[in-house]
Amino acid sequence: MALESKQLNNILELKDVNVSFTVESSSLHILRDVSLQVPRGSFLCIVGESGCGKSVTAQAIVQLLPDNGRVDSGLISYYENDQATELNKLEKFGREMRSFRGAKIGMIFQDTLSSLNPAHRVGRQVAESLLQHHNLSKDEAKERVIELFRKLGIPDPERRYNAYPHEFSGGMRQRVMIAIATICEPDLVIADEPTTALDVTIQAQIMTLLKNLQKSAKRTFILITHNMALVSEVADHVAVMYLGRVVEYGSVDQVLRTPRHPYTQALLQSVPSLDADKSVELKTVDGQTPSPAEVTKGCEFAERCLFATDTCRDQIIPLMTFQGNHQVRCIRLDEKGNLPKQNKAGSNV
Amino acid sequence: MIPMALAISAIIFFASRLSPIDPLNSLISPDAAADATNLAILKERLGFNDPIFVQYFNWLIEIFRGNFGYSIQSGQPISEILALRMPATLELVLAALIISTTLSLLIGLVAGANRGGLTDKFSRVLAAIGISVPDFFIGLALLNIFAYRVSLLPTGQRISPGQVTFIDRLPHLILPVATLSIAMLAVLIRYTRNSVLDTINRDFVKTARSKGLPEWKVMWSHVFRNSLGPVMVLIAFRLPLLVGGAVLVEAVFQWPGIGKTIVEAVTVSDYPVIMVVSLLIAVAILFASFLVDIVKSILDPRVRLGATIE
Amino acid sequence: MTEKVPSTARLLVRNFAGNLTGMFGLLVIFLIITSAIFAEEISGYNPNLMDGMSTSLSPSTDHLMGTDQLGRDVFSRVLYGGRNSILIGITASFLGNLIGTVLGAIAGYLGGKIDTVLIRISELFMTFPQLVLVLIFVTIMGQGVNNVIIIFALTGWMTTLRLVRSEFLSLREEAFVEADRAFGFSKKRIIFRHLLPNTMSPIVVAFTINIAIYIIAEAGLSFLGLGVPVTTPTWGNLLSAAQAPVVVEQYWWLWVFPAVAIIAFVTGVNFVGDGLRDVLDPRQRTNAKNKTFAATLREKLFGSRKQTIE
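Protein chains in written order, with my numbering: chain A, 3 to 351; chain B, 1013 to 1322; chain C, 1091 to 1400.
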């Protein structure tokens, strides 16, 4: 299938993806019409509060949702050369889907202690991926793993190859995780909160490592995080999610400098920054995140939004595109993408 | 393990002193015990007038020397009885252990991996049977069906006249081993299945899948291996029950083993035999759980010695 | 607190009434116990009446479960046997749980050396197959209904001890116990008035399930001819007829019906235990859904066992 030039620029596209989970025989709609474009070679951050569906998005891409979750509708397309593959149409554990996992899409998970098999030596866990996708001897695989360990800054890699996960520190374990995700040199790496469990200095090291891995190999990275500070350091594209929907998507400049969606604005105001005026109080986003079980037809953020009107609650909100493919899911914006002057909910303009 | 074995030997020894039977009888042959004066001299010479703790240590030393005493009933040295009966029980218990463990691990893995499937349902039924049906009844039923109604297998005993090789004896083993295995299987399958289910939901399984490994490989080298630890503990925990089951199974099938020995000994209050046999069983079980611990530490490096010190 | 008790109890009863398998189990138990009480009226025969004219009859409308070699009505004997077997099961389970609860409370609350010693002793006991332990006690104490009950209680308290102990260990750190200590309440008062009531749920479940275990144990012991003297009919004694090969081969009704009675009653008890656990122990409920009660119980026991091993 010939592809449009615009698609060629993207390595991955999600179009109106819906995911639901079955919990105690009732169905929870977790992802609603999620659409995303992941430009090739970019560093995309998906941000949002916990429970907004960012991890589920990652799991849906590689079809590793928990047993009770499934993709109901939508398209997840992976572009390679001039070939498009609908990932969600592939059999979950079939040969084709597996040829993507590890080889073309690498995954990095958050909790490294539970994400590494405690009974296997770390070297073997990394080599396993390599042996699966490449026709290598065990010795060759071991060599490659040790080489990567060295590159990733794991000291004494020959000896560490035979160590068990519990013998590593959190930061070292995350490097092993990164090794597992990148040993087959995949074009796309998805990192799900890779630094949340680590302390700040180690966090910085790991983020630098990830950024370098992305730049040096022209790889595409999707980083899932709730940490806005990280986003500004590494991202070049940002998607903001709220309650299972992408509410804003654009380049890092567009989203961080000129946030359009009221939620993004509130989120950014809640981020502390070192050079900010200390007298300015940090803002929190007012109100509670509603549970995914209680669904409104309209904008999920309306209950907490300062700009919300009745139409916001009743109407299906379309994704508006502004200059430079800056997408915002809000009907209160004017043609230039500006919100009305601060006014309380209910008073129409 | 060694302190436990010593404690057990002490309990057995002091318990034996509660019996109405003169402990002297356990050390000498019944012929020699017939003469009263002889008996008094022997009592002094053998140290039965010593304090009880000294007696205990002497008894222990004799045990270590391989002198287990004599059966009151037959006058036979107990070591001879053991040599005759031990292999029969070992054969039975080991065969049942190997068969039930292998089968239950395999079936449990399949049942856990395909939750709600046919194997899973089968394992549920089997578990229900294992809990509410006495083992020896299973034995009786098997005997009635396969030995009497369909004369497919021998009705009992370890060997028929004229049989020599192990292959000859094999048909004799089938029913007792099957009986013993079914009881063990029931619990093990269910437990393995639950352990597999627990493991499948662990994060590292997701990692393994994210590497693009085929499901059988994920199951085999990640899920299964990590499910084994808890199952090993259960096997160690169930060993006494397996031996207890062997006592009943031996009775059903007239299997000439240790279980039958101890039942016969209890029937006639043959104290020395009971003492030695129960000591032996306890030590054997201790040793077996020690072995299981070793296997467990191989499976899970976190419990390995040294790793925990770090 | 005292005001709340009746309403909680009523709530529990209502919850249990909504538990289908639990209620079914209760119905089975009720039916068996009632018919055991009215054994003679229901069967129409005296269980000890020997009728030389009708020996070894297979089941018919006259004798629903046939007659034995002495011409006694098997149906009547199964019902009578139920009286004794159920009595033994309930009493032994009660006593065993009592010992286990008291020792477990002491071990769990006081901790330290006493705890270590009690745990060690329970480990010693658990090393033996329960049947072998029972046999040793039988040799010392002799046979008889009362002795069997006492022996069962003496050999079956270990799991309850571990259960109560681990509950206590966790409860002891909770705020209300801290408050009790701060008030200067005596240890006895804290244990018996405050801690034990909060531990009742697992004890009640263990009590129920142990009844099943002891009934099967009695059957095994009496099958070997070492339990209750043959003059008192119990399900196990009836089964011991099957020690004779001719019975296994030809008079199936002599051992199948008592076994069916055991299986039915034990299944009923297990269902009730299962239901009780669901109602009394909501913590276990969610993850227990897919487990058999035995797996859950064992896991509970295992939890505490693991703690002591590692």
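No residue lacks a Cβ here, since even glycine has one placed at the ideal position from N, Cα and C.
Buried or exposed: where does residue i fall if 16 or more other Cβ atoms within 10 Å of its Cβ makes it buried?
i: residue 85 of chain A; result: exposed
i: residue 259 of chain A; result: exposed
i: residue 1160 of chain C; result: exposed
i: residue 1289 of chain C; result: buried
i: residue 1314 of chain C; result: buried
i: residue 1223 of chain C; result: buried
i: residue 1202 of chain C; result: exposed
i: residue 203 of chain A; result: exposed
i: residue 1013 of chain B; result: exposed
i: residue 170 of chain A; result: buried
i: residue 1383 of chain C; result: Reliability of the predicted coordinates at residue 1383 of chain C is poor, the pLDDT of 44 falling under 50, and the value obtained from them is presented with this limitation in mind. It is buried - the Cβ of residue 1383 of chain C has at least 16 other Cβ atoms within 10 Å.
i: residue 1188 of chain B; result: buried
i: residue 1049 of chain B; result: exposed
i: residue 190 of chain A; result: buried
i: residue 1191 of chain C; result: buried
i: residue 1306 of chain B; result: exposed
i: residue 25 of chain A; result: exposed
i: residue 48 of chain A; result: buried
Less than 8 Å between CB atoms is the rule here; does residue i satisfy it with respect to chain A?
i: residue 1207 of chain B; result: no
i: residue 1184 of chain B; result: no
i: residue 1226 of chain B; result: yes
i: residue 1188 of chain B; result: no
At least one CB of chain C closer than 8 Å to the CB of residue i: is that the case?
i: residue 999 of chain B; result: Nothing about residue 999 of chain B can be reported from this structure: the residues present for chain B run from 1013 to 1322 only.
i: residue 1255 of chain B; result: yes
i: residue 1356 of chain B; result: In the structure as shown, chain B starts at 1013 and stops at 1322, and residue 1356 of chain B therefore has no counterpart that could be examined.
i: residue 1281 of chain B; result: yes
i: residue 1156 of chain B; result: yes
i: residue 1148 of chain B; result: yes
i: residue 1016 of chain B; result: yes
i: residue 1166 of chain B; result: no
Any idea which residues DSSP pairs residue i with across the strands?
i: residue 243 of chain A; result: A:248
i: residue 193 of chain A; result: A:110, A:225
i: residue 39 of chain A; result: A:15
i: residue 23 of chain A; result: A:30, A:71
i: residue 1089 of chain B; result: B:1082
i: residue 209 of chain A; result: Beta-bridge pairing links residue 209 of chain A to no other residue.
i: residue 323 of chain A; result: A:329
i: residue 1134 of chain B; result: DSSP lists no partner for residue 1134 of chain B.
i: residue 1163 of chain C; result: C:1157
i: residue 45 of chain A; result: A:223
Any beta carbon from chain B within less than 8 Å of residue i's own beta carbon?
i: residue 1345 of chain C; result: yes
i: residue 322 of chain A; result: no
i: residue 1155 of chain C; result: no
i: residue 1251 of chain C; result: no
i: residue 1360 of chain C; result: yes
i: residue 166 of chain A; result: yes
i: residue 1118 of chain C; result: no
i: residue 1282 of chain C; result: no
i: residue 1222 of chain C; result: yes
i: residue 1219 of chain C; result: yes
i: residue 1226 of chain C; result: yes
Should residue i be counted as a contact of the ligand FMN given a C-beta to heavy atom distance under 7 Å?
i: residue 319 of chain A; result: Annotation note on the ligand FMN: not contained in the displayed structure, which lists no ligands.
Spell out a yes or no on whether the region 1260-1277 of chain C and the region 1207-1222 of chain C are touching, meaning 3 or more CB-CB pairs, one atom from each, closer than 8 Å.
no
For the region 1180-1194 of chain B and the region 1102-1114 of chain B, state whether three or more C-beta atom pairs, one from each stretch, are separated by less than 8 Å.
yes
Three or more beta-carbon pairs under 8 Å between the region 1303-1315 of chain C and the region 1178-1197 of chain C, yes or no?
yes
Considering only residues of the region 62-121 of chain A, which uninterrupted beta strand (DSSP E) runs meet the minimum length of 3 residues and lie entirely inside it, listed in chain order?
71-82, 85-88, 107-110
For the region 1134-1144 of chain C and the region 1255-1266 of chain C, state whether three or more C-beta atom pairs, one from each stretch, are separated by less than 8 Å.
no
Are there three or more Cβ pairs, one per stretch, closer than 8 Å when the region 120-137 of chain A is compared with the region 215-222 of chain A?
no
Does the contact criterion of 3 or more C-beta pairs under 8 Å hold for the region 1263-1274 of chain B versus the region 1094-1102 of chain B?
yes
Inter-stretch contact at 8 Å, needing at least 3 Cβ pairs: the region 1132-1140 of chain B / the region 1198-1213 of chain B:
yes
Can you check the region 1307-1357 of chain C for any alpha helix (DSSP H) of at least 4 residues that lies completely inside it and give the ranges in chain order?
1325-1329, 1335-1340
Entirely within the region 1260-1303 of chain C and at least 4 residues each: give me those alpha helix (DSSP H) ranges in chain order.
1265-1273
Starting from the N-terminal side, write out each stretch of the alpha helix (DSSP H) that is 4 residues or longer and does not extend beyond the region 1157-1190 of chain B.
none
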